[in-house]
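K.L.:
Can you read through this structure? Questions will come right after.
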Amino acid sequence: MLRNQADRMAVNMPIQGLAADIIKLAMIAADKLIREKYREVRMVLQIHDELLFEVPEPQSEKFARDIKAEMEGVFSMSVPLIADVKIGDNWGEV
Numbered sequence: 003m004l005r006n007q008a009d010r011m012a013v014n015m016p017i018q019g020l021a022a023d024i025i026k027l028a029m030i031a032a033d034k035l036i037r038e039k040y041r042e043v044r045m046v047l048q049i050h051d052e053l054l055f056e057v058p059e060p061q062s063e064k065f066a067r068d069i070k071a072e073m074e075g076v077f078s079m080s081v082p083l084i085a086d087v088k089i090g091d092n093w094g095e096v
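Encoded structure:
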């Protein structure tokens, strides 16, 4: 049982580390996008692989398209990196 646990950890840790690095790159890209194009937008929260933004409603659709493109292009892999974007009045809705 202990050996199996060690095997799972050895496989899982590099994947989790890569995922953490990718979300960090996405946050940097998001910050750059906000500074350059969406000064009214605020990155409110990051939980694991999710980012939550506060966006003025008139800009929400355009920002959603732009942030999705930024996040999906932040790291090149042999499989596509897909970002889901949802819009709602509060976190509970999304």
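Under this note's numbering, the first residue of the sequence shown carries the number 3, and numbering increases by one thereafter. Glycine included, every Cβ here is placed at the ideal spot set by N, Cα and C. Model, not experiment: these values are computed from the prediction.
Please state the DSSP three-state secondary structure of Met45.
P.N.:
strand
K.L.:
Restricting to Cα atoms, I'd like to know which of Val81, Phe77, Val96, Trp93 is closest to Ile30.
P.N.:
Phe77
K.L.:
Label Ile84 either buried or exposed according to how many other C-beta atoms from any shown protein chain fall within 10 Å of its C-beta, with 16 as the threshold for buried.
P.N.:
exposed
K.L.:
Keeping to the same chain, check which residues put their C-beta closer than 6 Å to that of Ile36; ignore five residues upstream and five downstream.
P.N.:
Val43
K.L.:
Looking at the structure shown, is Leu4 part of a helix, part of a strand, or coil, going by DSSP?
P.N.:
Three-state DSSP puts Leu4 in a helix.
K.L.:
Relative to the C-alpha of Trp93, which candidate in Val46, Asp51, Ala8, Ile25 has its C-alpha closest?
P.N.:
Val46
K.L.:
Would you kindly check if the distance between the Cβ of Asp51 and the Cβ of Ile17 is under 7 Å?
P.N.:
Result no, Cβ atoms of Ile17 and Asp51 do not sit closer than 7 Å.
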